[in-house]
Amino acid sequence: MSEEVKAPAGTRMAHEELGLDPDAVLTMYRRMVLARALDRRMWVLNRQGRAPFVISGQGHEAAQVAAAAVLRPGVDWAVPYYRDLALCLALGMTAREFMLSVFARAEDPTSGGRQMPSHFGLARARIVTTSSPVATQVVHAAGIAYAAKVRGLDEVVLTTIGEGGTSKGDWHEAMNFAAVHRLPLICLVEDNDYAISVPHRLQMGVDSAAERASGYGMAGTTVDGGDLLAVLKVMRTAVERARSGGGPTLVCAKVARFTSHSSDDDQRRYRSQEELETMLRRDPIERLRGYLLEAGLLTEEADDRLLQECTAEVDEAVQSAQEAPAPDPADLERHVYAAEGA
Amino acid sequence: MSEEVKAPAGTRMAHEELGLDPDAVLTMYRRMVLARALDRRMWVLNRQGRAPFVISGQGHEAAQVAAAAVLRPGVDWAVPYYRDLALCLALGMTAREFMLSVFARAEDPTSGGRQMPSHFGLARARIVTTSSPVATQVVHAAGIAYAAKVRGLDEVVLTTIGEGGTSKGDWHEAMNFAAVHRLPLICLVEDNDYAISVPHRLQMGVDSAAERASGYGMAGTTVDGGDLLAVLKVMRTAVERARSGGGPTLVCAKVARFTSHSSDDDQRRYRSQEELETMLRRDPIERLRGYLLEAGLLTEEADDRLLQECTAEVDEAVQSAQEAPAPDPADLERHVYAAEGA
Amino acid sequence: MAVKTLIEGVREALDEEMARDERVWVLGEDVGRKGGVFLATEGLQEKYGPSRVLDTPLAESCIVGVAIGSALNGMIPVAEIQFADFIHPAFDQIVSEAARIRYRSNGSFSCPIVVRAPFGGGVHGGLYHSQSVEAFYAHVPGLKVVIPSTPADAKGLLKAAIRDPDPVMFFEHKKTYRLVRGEVPEDGDHLVPLGRAAIRRQGTSLTCIAWGLMTHHCLEAADQVAAEGIEAEVIDLRSLRPLDRDAILDSVRKTARALIVYEDNLTGGFGAEVAALIASDGFEYLDAPILRVAGPDVPAMPFNKPQEDAFMPGPDKIAAAMRKLAAY
Amino acid sequence: MAVKTLIEGVREALDEEMARDERVWVLGEDVGRKGGVFLATEGLQEKYGPSRVLDTPLAESCIVGVAIGSALNGMIPVAEIQFADFIHPAFDQIVSEAARIRYRSNGSFSCPIVVRAPFGGGVHGGLYHSQSVEAFYAHVPGLKVVIPSTPADAKGLLKAAIRDPDPVMFFEHKKTYRLVRGEVPEDGDHLVPLGRAAIRRQGTSLTCIAWGLMTHHCLEAADQVAAEGIEAEVIDLRSLRPLDRDAILDSVRKTARALIVYEDNLTGGFGAEVAALIASDGFEYLDAPILRVAGPDVPAMPFNKPQEDAFMPGPDKIAAAMRKLAAY
Ligand SMILES: Cc1ncc(C[n+]2csc(CCOP(=O)(O)OP(=O)(O)O)c2C)c(N)n1
Ligand SMILES: Cc1ncc(C[n+]2csc(CCOP(=O)(O)OP(=O)(O)O)c2C)c(N)n1
Ligand SMILES: [Mg+2]
Ligand SMILES: [Mg+2]
């Protein structure tokens, strides 16, 4: 799409400052749009009674796609949490693979339909298997990073968590360990102001979890998570620090949670109409779209085309996943332990 | 002893700055000396095979006695840890009561000889029952402080912990909770550079745990824990903050661990002779003694007398505790639950 | 008496006890404005204020530890753990602390707390929203462990738990919340004593021992086999700790056959203790092996329906075991 | 073969496996310079360096979580928990994470870790340095639970645990560390397979099932009653999970009487599962009730000697139960 670029004369745009060519920015944009389309579709499926449970990342896409952009998939590690659909797609999970988990199909590469959807994991992409208990993953990430360091491997580990999750002991223990050993770890806090219904001010006494970084002896930054390029810049610094032995970084990206916590929640019970309206204006995709249009990197027509492509991809994923076979009850007892002799 | 005061003309001494009269300072000194004498004696008992396990607070006395001095015993709460002999004595535990626990006697008011010595607790003095797992007590302290706040009681809660203990998730969860609710809580970290054999630099990536305070949104201070009056000053500020609704304070007092971790440890295995010698020079009692002598608050003779008094108190405590009856095996199953109908 | 759901029984107990005694308070994730993810605490924050119905940070060890501390300072906390699956981070606070405060202080401190948690599967909760955790706690001296299976019991047992001077783990099966309806006494002093089992169905052919949702599955199974002349006595334990030994042994003395049913993983589940008790103290009454029907030994209940169904000890599996036992 | 202590068996296993496979590493509190509070890791840091023998911060959940992470990235960690009493903060990492990584990922990830912890009492350890915790973990599918009772087994089982592709909880009774001596094969490939019990004494009068220190107490008791013509067969389970069902049932088939002995609190201890197994699958062989001798249901072992002794299931109590059982 680079033929459509029309950079305004005389000014250096943010993506240029970052040395990004138009394709790179558009690729990220596309990832966000695809994630959003998939995410929206799963809510439709939920309302139709075809997906018993969904939990989504709408509003978090810019932070996730920027974080993914600094990783080398299959080399660096991602230890995500349930909102990270855009992150996982950007790291190589396909739309169909995701839909297989939404429908809990046998082929679902994450868990064979054993886990709830959005409990990500994909071995080939080094997306580590995750669970529901909040914050346990952060400690695994520290362990992976420790192994990388001890084994002398050039690997960086990204882990993500909500701001609520930073209240857990595991988060603290992992941050401290990572700081003591100056591990190649980045902890991205996706701060959407709520932990289900619990607002930020009841969760912590500071504005940003990143304020805790110095208390561990590590670098910390708070960034506007609705601004893809701003997050990208911060993540680049973090990943360079990690690669060069400078130790871990704690990044807090301020994002918006567009949907209720999950399909079992209704956020209108605890957020006012007014608050919801203001919040919904913080759309990272709209924002990037505006930027791209303004920068002349995108036209309305190209955008329509892109949306259609994404929708088609989603349609296909849904259809194919829907048709895939359900798990066999006879497999219930498989993989509790390694198979004998395996 | 106030007749012995000879304040040097023209200069205001540190205790005067704090508005302390000589008796107040000498009382604190006496508490430190008594704690040290008791503590030393228990090691003797251990070597004689009369006390199977001891763990002590030698080197920590100034910080503890200063902390106790700002509390109102029986009104304010103390949630201590195992090094807090001086703290507990200052809050009203008697030497005999302590020795009852060293000998695991039935009368031991802490646990009836059920717990290891130095697992403090004394209901009448509002010293809360404590256990061995590190850091659990800090969360209880937060809960006590929450209750005080909600019930509108004018109570302050002091809790103590080693620097190693700050690595635990429970410590983090409690600090965060206390900060969110601006609780009347003081957490005193007695930082003696080691957690058994693990040195400070492997425990945390910062010089002082108090550097974490701002990350919770609370006040934090690091203080020379060998300097009684310096700690007292910090603790006064903290307690005033707590009483006036200003929320919690994290105080890190740098102290020395004179003894091995416990009678089961030998610190020569992991600390060099040189390091040990330097460390042993950081004696808070010697330091205060020097100050008192210089300030004319104490004479050598008065000091000798005081030491004799303390030794006599220890002798009596040991003898009386030694003679007290052992627990009855028939009581093994008591107090698992409240007695029926109680 | 009005017919209510089990969760209404829970809510009424909380409401009445909070109204009766201002020391009683509730804490947990989302218990305030939202009223809890299952709405067990709905309306309580409006009524009693945010200090007594507190939305805590996301930290289970903190929730239980703060509860303990508040109990030490004169309050009576009812801590909600959002799902029993997430109680594990609080294991140390429960087992090392709450359970031992009385014992370790030789009776000079006590810990009157209640920890409530929804447990159990069959609600497409997947591996981490379906677990049974009662065996871990029923093993711990110093704790009491209670599981209601009817709305009236939910109310009466919870009220008794709140008034109990010791720590009580109160587990509510998620699937019973709205499925199970029944009359609930309006009486503010409707208390069901901890430690007493209830005989839900009289029978002479065999004794079937269960708790929570499984009580209902056993009753269904009993109905199935009754047509074949097998009369199962169904005992709902209600308290696992203290355990109503007499109720179990009296029934086995009568029937000479025992079947224990639980949803938790078979091996090391609490049903093992019930079996062990019968095998020692009730051995002379027995005419047949002691059977157990329980969840299989897989880490937990899968999310997908076919495997979730395969995991669940349902009425059919239970009826089959009843037939086998009766025919022995 | 040289005669060694049990803890020497542990140390040799670690040393040999670290020498054999550079992926193996050790982490825990004080395992480095100090060599562990019981000296299980003495000398290893000097030999293998501080990265492979790591003194961690004081944080058990971190120790286990980091172990898990390192296993996901190609290492084989042996995490030491200083005392089993302090494993509770890591409960969530062990139960929700380590035990389920294989299952929840449908086999695409695995978690080959070993968690070692000294457990048990009789060492004036008081309430928090004496506990038995095996029942909690033996209940958890996805974990293996191993307890050696001899130096040779300590070595062979630990080596097997390190080579096992799944998470293994390895509990060592503190009192056996130096008290129990025995020949230890020098062979670097001396492996004792997990899941196989050992018959420590042959007998026909009754079957006595135990693990850890209790094995030795049972053997002493068996010697006591042998003079009276009671020949007890003593089975040392060695693995609680997987459980050697055949060894247990074969022996009971022969003796018709079963006694289960454990130090942990009676109610809900792992012996309940053994009893339940015999009561279902071995019922036909039984001529007598299944007896258990175990720790009383008090929170833990007091520090003072009289109550510590009263807690302990010692040879006399066991012998008394053997007599009772044989006379039935
Ligand atoms: C240990 C644990 N406790 C409770 C829960 C239930 N729960 C799931 S998500 C969630 C809120 C998480 O909030 P936050 O960390 O801010 O992430 P967000 O969902 O806002 O992205 C809670 C309480 C859980 N999964 N794990
Ligand atoms: C949860 C837990 N883990 C391990 C231990 C064993 N242990 C007892 S004291 C201690 C070191 C504590 O160090 P620190 O907190 O610095 O306090 P200090 O003893 O130096 O005063 C350890 C590891 C314990 N008691 N609890
Ligand atoms: Mg959030
Ligand atoms: Mg220390």
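Residue numbers (the working numbering), protein chains in the order written: chain H, 1 to 342; chain X, 1 to 342; chain S, 1 to 328; chain A, 1 to 328. From the three backbone atoms N, C-alpha and C, an ideal C-beta is built for every residue, glycine too.
Non-local C-beta neighbours of residue 138 of chain H in its own chain, meaning closer than 7 Å and more than five positions away in sequence, comprise 159, 161, 170, 171, 174 and 187, ordered along the chain.
For residue 77 of chain X, the uninterrupted beta strand (DSSP E) run begins and ends at 77–79, by DSSP. Relative to the non-hydrogen atoms of ligand 2, the Cβ of residue 57 of chain A never comes closer than 7 Å to any of them.
For residue 79 of chain A, the three-state secondary structure derived from DSSP is strand. Nearest neighbour of residue 118 of chain A by Cα position, chosen from A:171, A:86 and A:240, turns out to be A:171. Not a single CB atom of chain X sits nearer than 8 Å to the CB of residue 26 of chain S. As a beta-bridge residue in DSSP terms, residue 158 of chain X pairs with X:78 and X:186. Under a 10 Å Cβ-count criterion, residue 315 of chain H is classified as exposed, with fewer than 16 other Cβ atoms of the shown protein chains found around its own Cβ. The C-alpha of residue 173 of chain A is placed about 6 Å away from the C-alpha of residue 213 of chain A. Note that the C-beta distance between residue 99 of chain S and residue 140 of chain S is below 8 Å. Apart from sequence neighbours up to five positions away, the residues of its chain that approach residue 164 of chain A with a beta-carbon distance below 7 Å are 112, 144 and 194, ordered along the chain. Within the region 119–139 of chain S, 124, 125, 126, 127, 128 and 129 place their CB atoms closer than 8 Å to a CB of chain H, listed in sequence order. Secondary structure at residue 62 of chain A: helix, using DSSP grouped into helix, strand and coil. The residues 28, 62, 65, 66, 284 and 288, in chain order, have a CB closer than 7 Å to that of residue 228 of chain H in the same chain once the five nearest residues on each side in sequence are set aside. For the options S:241, S:247, S:242 and S:243, the alpha carbon positioned closest to that of residue 233 of chain S is the one of S:247. For the region 162–189 of chain A, the set of residues with a beta-carbon nearer than 7 Å to any beta-carbon of chain H comprises 165 and 166, in chain order. Taking 7 Å as the cut-off, the C-beta of residue 225 of chain X does not count as close to any heavy atom of ligand 4.
Judged by DSSP secondary structure, residue 271 of chain S falls within the alpha helix (DSSP H) whose first and last residues are 270–281. Rounded to whole angstroms, the gap between the alpha carbons of residue 51 of chain S and residue 193 of chain H is 21 Å. Within chain X, the C-beta atoms nearer than 8 Å to that of residue 75 of chain S come from 147, 150 and 151, in chain order. If you check the CB distance, residue 120 of chain X and residue 76 of chain X do not come in under 8 Å. For residue 160 of chain S, the enclosing alpha helix (DSSP H) starts and ends at 151–163. Relative to the non-hydrogen atoms of ligand 4, the Cβ of residue 62 of chain X never comes closer than 7 Å to any of them. Unbroken beta strand (DSSP E) runs of no fewer than 3 residues, entirely contained in the region 186–260 of chain H, are found at 219–224 and 249–254, following chain order.
When secondary structure is reduced to three states using DSSP, residue 333 of chain H falls in the coil class, being assigned neither helix nor strand. In the three-state DSSP reduction, residue 182 of chain S falls in the strand class (E or B).
Comparing alpha carbon positions, the residue from A:127, A:182, A:19 and A:285 closest to residue 2 of chain A is A:182.
Relative to ligand 3, the beta carbon of residue 198 of chain S is positioned no closer than 7 Å to any heavy atom.
When the beta-carbon positions are compared, residue 118 of chain X and residue 108 of chain X stay at least 8 Å from each other. Scanning its chain for C-beta atoms nearer than 7 Å, with the 5 sequence neighbours on each side dropped, one finds around residue 87 of chain A the residues 60, 81, 117 and 133, in chain order. With respect to chain X, the C-beta atom of residue 91 of chain S has no partner C-beta closer than 8 Å.
In this chain, residue 264 of chain S is not harboured by any alpha helix (DSSP H); it is covered by the beta strand (DSSP E) spanning 258–265. For residue 163 of chain H, the distance from the CB to the nearest heavy atom of ligand 3 is below 7 Å.
Taking every protein chain shown into account, the CB of residue 32 of chain S has 16 or more other CB atoms within 10 angstroms, so this residue is buried. Membership of residue 290 of chain X in the alpha helix (DSSP H) is indicated by the continuous run 284–294. Secondary structure note for residue 60 of chain H: it is in no beta strand (DSSP E), with a DSSP letter that is neither H nor E.
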